[in-house]
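Take a look at the structure set out below.
In the working numbering, the protein residues as written are 19 to 353.
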């Protein structure tokens with residue numbers, strides 16, 4: 019069954035392939051976006067900065083501008099070529115999509131709900147979802163495939179409602195389950211978008227973006243993961259951060275407590291997380307200070323031992339690990 023997506027829905031979900039048809043039907047050409055189109059060009063730049071600062075804007079003021087500013091933002095980020103910035107943008111846009119999805123899955127019109135389930139979940143993400151009175155059912159295998167990246171007990175299968183091979187979720191849960199996939203779809207759109215015949219109006223804005231971003235410590239590559247003094251479990255987490263990926267909560271806990279235990283300062287530990295797409299300076303500092311015993315209960319937290327790390331699927335043991343029981347013993351063994 020063919021399901022029509024309205025222009026307003028494309029503004030909410032501009033990563034959908036139908037956007038290409040929308041652009042084609044209206045005859046837009048990239049070389050048309052000169053300084054006479056400064057309003058939408060500047061909106062694209064603003065959209066990038068809003069995303070890079072971890073903010074989410076829910077309002078849609080002008081449908082055409084929403085769609086075009088998204089596509090222009092992708093082009094600008096592709097030309098800038100800073101991977102961690104692109105990933106942060108993709109995650110922020112995915113969170114924006116999340117909010118619209120949750121609203122639409124609660125829409126009073128069943129046709130709207132069905133259109134979303136088909137276009138977003140089935141076609142874009144590849145997830146079959148059955149809607150029964152706003153309870154969203156997915157196969158256990160599909161749930162486990164996605165929930166394995168969540169280390170909160172809330173998402174463990176034992177804590178879910180499961181009947182006849184299906185996990186039952188509400189709108190908020192089913193939408194949260196696909197956040198990372200939405201982020202990867204948007205990131206993929208950045209990598210694949212055509213940047214040929216870009217007008218000077220875009221190039222000048224890209225150059226301004228690049229000048230600021232290369233001096234922003236959040237997007238500077240660092241070489242922490244090449245430090246041979248660190249155990250493989252720590253090196254792996256640092257490598258994830260260098261690639262602009264989001265380590266799970268358990269990995270962040272391990273990295274922070276390990277670095278604090280070997281004498282790194284609060285500032286040094288916080289700086290390690292700056293390239294994470296969901297980085298928030300205030301939240302990160304509070305959490306690190308909390309682990310160090312400087313906030314909250316004033317209790318300092320110890321670095322997990324190797325058994326605990328292995329149980330959390332964070333162990334990447336090599337021969338250099340020998341028979342250590344804690345990652346804190348790694349340097350001593352290597353010497």
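Even glycine gets a Cβ: it sits at the ideal position worked out from N, Cα and C.
Computed from a prediction, not measured in an experiment: that's the story for all the values here.
Distance between residue 37 and residue 117, taken at the CA atoms: about 20 Å.
Membership of residue 155 in the beta strand (DSSP E) is indicated by the continuous run 153 to 157.
Per DSSP, residue 41 is not a residue of any beta strand (DSSP E); the alpha helix (DSSP H) it occupies stretches across 36 to 43.
Taking a cut-off of 8 Å for Cβ pairs, the region 217 to 225 and the region 40 to 54 touch, as three or more such pairs fall below it.
Bridge pairing for residue 211: absent [DSSP]. Residue state for residue 149 is assigned as strand, using DSSP reduced to three classes. In this chain, the alpha helix (DSSP H) harbouring residue 267 covers 267 to 279.
In the three-state reduction of the DSSP assignment, residue 257 falls in the helix class.
Here residue 160 carries a helix assignment [DSSP, helix/strand/coil]. Membership of residue 175 in any alpha helix (DSSP H) is not indicated, and neither H nor E is assigned to it by DSSP. Sequence-distant partners of residue 94 (beyond 5 residues in either direction) whose C-beta falls short of 8 Å from its own C-beta, in its chain, are 62, 63, 66, 220, 223, 224, 227. Taking C-beta atoms under 8 Å as the contact rule, residue 40 and residue 25 qualify, at a distance of about 7 Å.
DSSP places residue 122 within a helical segment (H, G or I) once states are collapsed to three.
For residue 346, same chain residues with a beta-carbon under 8 Å away, outside a window of 5 residues either side, are 276, 279, 280, 321 in chain order.
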